[in-house]
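According to this note's numbering, the residues represented by the sequence shown are 45 to 130, in order. A short write-up of the structure that comes next.
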Amino acid sequence: MNVTTLAQVVEVAPVRSGLWVEHIVGAVIYSALGILILLITLYGMAKFSPMPLHKEIEEDQNVAVAIVIGSVLLGISIIIAAAILG
């Protein structure tokens, strides 16, 4: 009678000890890249808007401008996350 072990039946992939470090480093790099792209987008919105965004939001208490900027940044964040996740 031929007795086989579970390891012989199911081929086990070798486990790399530094694999989780690579994932953490990759996550940090992609997070930093995403935040950088988001900040560049915010700078571009502030640069090319017809009004000073800082004045409109803080001094004039313009809630509509704050909602539009927040929704644009949320949309860009979703696009960046989808691009990173592939």
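Each residue gets a CB set at the ideal place from its N, CA and C atoms; glycine is no exception. Since this is a predicted model, take the numbers as computed values, not measurements.
C-alpha distance - residue i paired with residue j, whole-angstrom precision
i: Ala-71; j: Ala-125; result: 11 Å
i: Gln-105; j: Lys-99; result: 8 Å
i: Val-69; j: Leu-118; result: 25 Å
i: Gly-62; j: Ala-76; result: 22 Å
i: Trp-64; j: Gly-78; result: 21 Å
i: His-67; j: Phe-92; result: 37 Å
Proximity to residue i [Cα-Cα], best of the options
i: Val-116; options: Gly-88, Ile-68, Ala-76 and Lys-99; result: Gly-88
i: Ile-113; options: Leu-77, Ile-68 and Leu-82; result: Leu-82
i: Leu-129; options: Ile-73, Leu-97 and Ala-90; result: Ile-73
Beta carbon of residue i nearer than 8 Å to that of residue j
i: Val-109; j: Ile-101; result: yes
i: Ile-120; j: Thr-85; result: yes
i: Ala-90; j: Leu-97; result: yes
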